[in-house]
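A.B. asks: According to our numbering, the sequence shown holds residues 44 to 353 in order. One structure, as structure tokens, below. Some questions next.
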Amino acid sequence: MRKRLKYPLLLLVVVYSIAFCSIQPKLENSLLWKISGNGLTEDSYLFGTNHGVHNSFLDSVPGFWNAFLSAKTIVVELDVTSQSNRHSFVEVLNKEEILLPKDSTYKVLYNTEDYKLVDDYMNAHGFGHLSGIDAKPALMNMVISFMMLNGATQKVNNKSEMNMEPYMLNLAKKTNKNIMQLDDLEKVEPGKAWALEWGLTTPLKEQADALLELIKNEDTMLEARSMFAHYYKQQDLEIMDELNDLYKKTAPKTYDMRHVNRNDIWMESILEILKSGSSFIAVGVRHLVGEDGLIALLRKEGYTVEPIKQ
44 MRKRLKYPLL LLVVVYSIAF CSIQPKLENS LLWKISGNGL TEDSYLFGTN
94 HGVHNSFLDS VPGFWNAFLS AKTIVVELDV TSQSNRHSFV EVLNKEEILL
144 PKDSTYKVLY NTEDYKLVDD YMNAHGFGHL SGIDAKPALM NMVISFMMLN
194 GATQKVNNKS EMNMEPYMLN LAKKTNKNIM QLDDLEKVEP GKAWALEWGL
244 TTPLKEQADA LLELIKNEDT MLEARSMFAH YYKQQDLEIM DELNDLYKKT
294 APKTYDMRHV NRNDIWMESI LEILKSGSSF IAVGVRHLVG EDGLIALLRK
344 EGYTVEPIKQ
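Listed below in structure tokens is the structure:
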């Protein structure tokens, strides 16, 4: 029997969207998955993280510690504890990738109505009017997304513990495990991973449309993020998959930019990593679910991907 979402607005939107999408096999409710078969000599693991949930939650995930401690290599999106990575991000902020070209303005990117909507939003949230903003729309999208995420996270986190990603990384370093990054800044020119992730290299009109989508749907997105943290702690992949579908329908350009394209890039590295021995791959849980998620992509490559229940 399907669970009912508690939030009436999103319930209507999700039910409507699910009714008109193609039927996909539902994933079992587990955050931790074992990867085997297809010639692998050692099992590896795929774990869905939540950037706003603290490390104490890991104790409630069945099989987490056995999988984490048995793996030789810990694979993350980006090593957030690395000083060099912080420097690379700062380096991006000083580059031309984040600034509008001198011959372009927000007036060119929006029609009159949309310009006023975005301009009013920016000014009301302390950024000033668009006429005085020279940052690309993708950068403003990133900043506003973090504002929304932090606001939703504060509603569900009451402890002062460490968030799960830095906690896992610190533990991996203490136990002398190999650490690999899917957004590997050493393999690309400095900052390129950040630029790709946040769409700074996509056409300006697409960036502007994605920013407009985000602002127009702020209430829905905020509610979805709060719900996401709630159901993540229940390890409910079914509802999180539905929320992912909602995100895809609400902000398709941003979704493609941050999920579909990124998963495809990651898969190139993951396929090589799996051949090197037992690995524990920890990425945001939304990257696991859906037909364009890592579970489905790994299965398409011939691997057996099974939920760990105990």
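The beta carbon of each residue, even a glycine, is placed where N, CA and C say it ideally should be. Since the model is a prediction, treat every value here as computed from it, not as a measurement.
Under DSSP, the beta strand (DSSP E) around Pro350 begins and ends at which residues?
C.D. replies: On the sequence shown, position 307 is the one that residue 350 refers to. Counting along the chain, the beta strand (DSSP E) containing Pro350 begins and ends at Thr347 to Pro350.
A.B. asks: Would DSSP call Lys292 helix, strand or coil?
C.D. replies: Looking up residue 292 in the sequence shown gives position 249. Correct three-state label for Lys292: helix.
A.B. asks: Quick one: using the 10 Å Cβ neighbour count with 16 as the cut-off for buried, is Gln278 buried or exposed?
C.D. replies: For the purposes of this step, residue 278 is taken as the residue at position 235 of the sequence shown. Buried, because 16 or more other Cβ atoms sit within 10 Å of the Cβ of Gln278.
A.B. asks: Using alpha carbons as the reference points, say which of Ala178, Ile222, Ala251 and Ala110 lies closest to Thr297.
C.D. replies: In the sequence shown, residue 297 corresponds to position 254, counting from 1. Nearest of Ala178, Ile222, Ala251 and Ala110 to Thr297, Cα basis: Ala251.
A.B. asks: Taking the alpha-carbon positions, what's the Ile176 to Ile141 distance?
C.D. replies: Mapped onto the sequence shown, residue 176 falls at position 133. Mapped onto the sequence shown, residue 141 falls at position 98. Approximately 11 Å between the Cα atoms of the pair.
A.B. asks: Is Lys77 closer than 9 Å to Ile351 when the C-beta atoms are compared?
C.D. replies: Taking the sequence shown and counting its residues from 1, one reaches residue 351 at position 308. Taking the sequence shown and counting its residues from 1, one reaches residue 77 at position 34. For Ile351 and Lys77, yes; Cβs fall inside 9 Å.
A.B. asks: Check this for me: beta carbons of Phe271 and Val118, under 9 Å apart or not?
C.D. replies: Taking the sequence shown and counting its residues from 1, the one referred to as residue 271 is at position 228. Taking the sequence shown and counting its residues from 1, the one referred to as residue 118 is at position 75. Result no, Cβ atoms of Phe271 and Val118 do not sit closer than 9 Å.
A.B. asks: Give the DSSP-derived three-state secondary structure of Phe323 in the structure shown.
C.D. replies: Against the sequence shown, residue 323 aligns to sequence position 280. Strand.
A.B. asks: Relative to the alpha-carbon of Thr345, which residue among Arg301, Gly82 and Leu152 has its alpha-carbon at the smallest distance?
C.D. replies: Numbered from its first residue, the sequence shown carries residue 345 at position 302. The sequence as given places Gly at residue 345; Thr does not occur at that position. That would be Gly82, whose Cα lies nearest to the Cα of Gly345.
A.B. asks: Using 10 angstroms around the beta-carbon of Asn213, count the other beta-carbons present and answer buried if the total reaches 16, otherwise exposed.
C.D. replies: Position 170 of the sequence shown, counted from the start, is the residue given in the question as residue 213. Taking all protein chains in view, the Cβ of Asn213 is surrounded by fewer than 16 other Cβ atoms within 10 Å, so the residue is classified as exposed.
A.B. asks: Measure from the alpha carbon of Ser87 to the alpha carbon of each residue in Gly327, Ile316 and Ala339, then state which is nearest.
C.D. replies: Within the sequence shown, residue 87 is the residue found at index 44, counting from 1. The option with the nearest alpha carbon to Ser87 is Ile316.
A.B. asks: Would you mind working out which of Gly327, Glu334 and Ser319 sits nearest Thr84, comparing C-alpha positions?
C.D. replies: One-based indexing of the sequence shown puts residue 84 at position 41. For Thr84, the nearest C-alpha among the options comes from Ser319.
A.B. asks: Pull up the DSSP beta-bridge partners for Phe90, would you.
C.D. replies: Reading the sequence shown from its first residue, position 47 is the one you call residue 90. DSSP, once it has assigned bridges, lists Leu75 and Ala325 as partnering Phe90.
A.B. asks: What are the boundary residues of the beta strand (DSSP E) that Gln224 is part of?
C.D. replies: Counting from one through the sequence shown, the residue named residue 224 turns up at place 181. Its beta strand (DSSP E) spans residues Asn221 to Gln224.
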